[in-house]
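Visitor: Structure incoming, see below.
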Amino acid sequence: MEYRTLGKTGLRVSRIGFGGIPIQRIEKKDAPALLDAAEAAGVNYIDTARGYTVSEEWLGHALRGRRDRFVLATKSMARTKEAMAADIRTSLANLGMDRIDLYQIHNPNAAQLAEALAPGGAMEALRDAKEAGLIGHIGLTAHLAAVFEAALEVPEIETVMFPYNPVERQGEALIRRAREKDIGFVCMKPLAGGAIENAALAIRWILQNENVGVIIPGMATPEEVRANTACPAAPLTAEEEAELARIREALGTRFCRRCGYCAPCTVGINIPGAFLFYGYLSRYGLAAWARSRYEAMPVTASACVGCGACESRCPYDLPIREMLRECAAAFGK
Ligand code: SF4
Ligand code: SF4
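So for the sequence shown, our numbering puts the first residue at 1350; every next one is plus one.
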């Protein structure tokens, strides 16, 4: 495992960290074994969020007795001072800790970032918490390049998390600027929200970028931990570059990253689920499996009434309605 200093935080972090979204799928009793595998692999950076239901609590449970060996990062969607202060208290209680190493403003759009930075905004609570020693450092996570760029000008912000992988390179110049400003870069969506199936290849490609501090693939089993961390930082071969070119060609830019921000659908369609099965049907030659899973969905793509509520929430501006029509046509329902 390679280690890096995460920008001006001074935190020494493993280049491959632990993404805490999928832990919601397992039981609390299985969380310690997951962190055993992470620790054995040299992982010392853990990312979670107030918004990931039980993730903070499961991780807090798994970290008992070894807190000092990990850098713990969490985040909140709160935009006001009062709400952020309450969320910091909740995170500390969920995690069973008296200090969180990095607390991030979770995925604001431009207007929400302005609100968080204004008098009475979330940043005031973060500054207070830092002064009180409840949090060590302040960061921000974003899906929009304009928000990433704006965050680079905010003096309190010490880290930025943004999607970056072989098929989503829109943040590359900003990642370089972050490094120049000594702002730590946390790479989210290393597998493009699951669209890239060859995890080791995607992670190795990202590791080649020296401006990336830590990469946080999500993991739910010790086997996934081992697979995601067994990625040597060796240069890619010509065959591996060709494989990435094939993946880029197949995915294009019009694909769902499974972030879930479009939910809830007015009529109850599991939008990322529908796109996932459509991807398996159209890209990976798993037609029978995809069809059986799709047909088991309680509400399928053809139920879309075209209200557009989901599209206004998608950070990638995907034409969800049009894509669902294609999905319904392909599956015939
Ligand atoms: S446009 Fe369709 S998919 Fe989107 S929220 Fe409305 S009904 Fe659901
Ligand atoms: S459709 Fe957009 S918002 Fe919904 S999961 Fe996919 S990328 Fe995220």
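Beta carbons are placed, not taken as given, at the ideal position from N, Cα and C, and that holds for glycine.
Here the structure is a predicted model, which means the values were calculated and not measured.
Ignoring anything shorter than 4 residues or poking outside the segment 1512-1557, list the alpha helix (DSSP H) runs there in chain order.
Guide: The qualifying runs are 1521-1529, 1548-1556.
Visitor: What three-state label does DSSP hand His-1492 in the structure shown?
Guide: Here residue 1492 refers to the residue found at position 143 of the sequence shown. Coil, per DSSP.
Visitor: Quick one: what's got a C-beta closer than 7 angstroms to Leu-1593's C-beta in the same chain, skipping five residues either side?
Guide: Locating residue 1593 in the sequence shown gives position 244, counting from the first residue. Excluding sequence neighbours, Leu-1593 sits near Pro-1515, Leu-1550, Trp-1554.
Visitor: With distance defined between alpha-carbon atoms, name the residue in Ala-1541, Ser-1425, Met-1433, Leu-1556 nearest to Thr-1490.
Guide: Position 141 of the sequence shown, counted from the first residue, corresponds to residue 1490. Closest option to Thr-1490, Cα to Cα, is Ser-1425.
Visitor: Just reading off the alpha helix (DSSP H) that Arg-1642 is part of, what are its end residues?
Guide: For the purposes of this step, residue 1642 is taken as residue 293 along the sequence shown, with counting starting at 1. Its alpha helix (DSSP H) spans residues 1636-1644.
Visitor: Should Arg-1670 be listed as close to ligand 1, given that the test is whether its C-beta is under 8 angstroms from any heavy atom?
Guide: Along the sequence shown, read from residue 1 onward, the residue named residue 1670 stands at position 321. Correct: Arg-1670 has its Cβ closer than 8 angstroms to ligand 1.
Visitor: Which residue from Ala-1569, Leu-1673, Ile-1552 puts its Cα closest to that of Ala-1683?
Guide: Since the first residue shown for the chain is 1350 and the last is 1682, residue 1683 is missing from the structure and cannot be characterised.
Visitor: Assuming the contact rule is C-beta atoms closer than 8 angstroms, Thr-1602 and His-1486 should be a hit. Round their C-beta distance to whole Å, please.
Guide: Counting from one through the sequence shown, the residue named residue 1602 turns up at place 253. Counting from one through the sequence shown, the residue named residue 1486 turns up at place 137. Contact doesn't hold; Cβ gap of about 33 angstroms is too wide.
Visitor: State the Cα-Cα distance for the pair Val-1420 and Asp-1450, rounded to the nearest angstrom.
Guide: As a working note, residue 1420 is residue 71 in the sequence shown. As a working note, residue 1450 is residue 101 in the sequence shown. Spanning the two alpha carbons is a distance of roughly 6 angstroms.
Visitor: Would you check whether ligand 2 has a heavy atom nearer than 8 angstroms to the C-beta of Ala-1612?
Guide: On the sequence shown, residue 1612 is found 263 positions in, with the first residue counted as 1. Yes, the Cβ of Ala-1612 comes within 8 angstroms of a heavy atom of ligand 2.
Visitor: Am I right that Arg-1662 and Cys-1614 are in contact with their C-beta atoms under 8 angstroms? What's the rounded C-beta distance?
Guide: Sequence index remark: in the sequence shown, residue 1662 carries index 313 (1-based). Sequence index remark: in the sequence shown, residue 1614 carries index 265 (1-based). With 8 angstroms as the limit, Arg-1662 and Cys-1614 do not qualify as a contact, their Cβ atoms being about 10 angstroms apart.
Visitor: DSSP three-state call for Asp-1396: helix, strand or coil?
Guide: For the purposes of this step, residue 1396 is identified with residue 47 of the sequence shown, where counting begins at 1. It is a strand residue.
Visitor: Just confirm the distance between the C-beta atoms of Ala-1465 and Arg-1438, as a whole number of angstroms; I'd bet it's less than 8 angstroms.
Guide: Within the sequence shown, the letter at position 116 stands for residue 1465. Within the sequence shown, the letter at position 89 stands for residue 1438. Between Arg-1438 and Ala-1465 the Cβ distance is about 18 angstroms, and since that is not below 8 angstroms, they are no contact.
Visitor: Pop quiz: Thr-1508 and Gly-1488 are said to be a contact at Cβ under 8 angstroms. What is the actual Cβ separation, rounded to whole angstroms?
Guide: For the purposes of this step, residue 1508 is identified with residue 159 of the sequence shown, where counting begins at 1. For the purposes of this step, residue 1488 is identified with residue 139 of the sequence shown, where counting begins at 1. Confirmed, about 4 angstroms.
Visitor: Quick check: is any heavy atom of ligand 1 less than 8 angstroms from the C-beta of Cys-1653?
Guide: Taking the first residue of the sequence shown as 1, we reach residue 1653 at position 304. Yes, ligand 1 has a heavy atom inside 8 angstroms of this Cβ.
Visitor: For ligand 1, is there a heavy atom less than 8 angstroms away from the beta-carbon of Gly-1609?
Guide: Locating residue 1609 in the sequence shown gives position 260, counting from the first residue. No, Cβ of Gly-1609 sits at least 8 angstroms from all heavy atoms of ligand 1.
Visitor: Using the C-alpha atoms, what's the distance from Cys-1659 back to Ala-1679?
Guide: Counting from one through the sequence shown, the residue named residue 1679 turns up at place 330. Counting from one through the sequence shown, the residue named residue 1659 turns up at place 310. Cα to Cα, the separation comes out at about 21 angstroms.
Visitor: Taking Ala-1685 as the reference, give the member of Ala-1527, Ser-1440, Glu-1376, Phe-1626 with the closest Cα.
Guide: Nothing about residue 1685 can be reported from this structure: the residues present for the chain run from 1350 to 1682 only.
Visitor: Run the CB neighbour count on Gly-1542, radius 10 Å, all protein chains shown included, and call it buried at 16 or more, exposed below.
Guide: For the purposes of this step, residue 1542 is identified with residue 193 of the sequence shown, where counting begins at 1. Buried, by the Cβ-count rule.
Visitor: Roughly how many angstroms separate the alpha carbons of Met-1350 and Gly-1655, rounded to a whole number?
Guide: The sequence position of residue 1350 within the sequence shown is 1, counting from 1. The sequence position of residue 1655 within the sequence shown is 306, counting from 1. So the alpha carbons of these two residues sit roughly 48 angstroms apart.
Visitor: Let me know the secondary structure DSSP gives Ala-1594 once reduced to three states.
Guide: Position 245 of the sequence shown, counting from 1, holds the residue named residue 1594. Correct three-state label for Ala-1594: helix.
Visitor: Who are Ser-1440's beta bridge partners in DSSP?
Guide: By one-based count along the sequence shown, residue 1440 stands at place 91. DSSP, once it has assigned bridges, lists no residue as partnering Ser-1440.
Visitor: Excluding five sequence neighbours on each side, which residues of the same chain lie with their C-beta closer than 6 angstroms to the C-beta of Leu-1384?
Guide: In the sequence shown, residue 1384 corresponds to position 35, counting from 1. So the list reads Ala-1411, once near-sequence residues are dropped.
Visitor: Take Gln-1373 and list the residues in its own chain whose beta-carbon comes closer than 7 angstroms to its own, dropping the five residues that flank it on each side.
Guide: Counting from one through the sequence shown, the residue named residue 1373 turns up at place 24. Excluding sequence neighbours, Gln-1373 sits near Tyr-1401, Thr-1402, Val-1403, Ser-1404.
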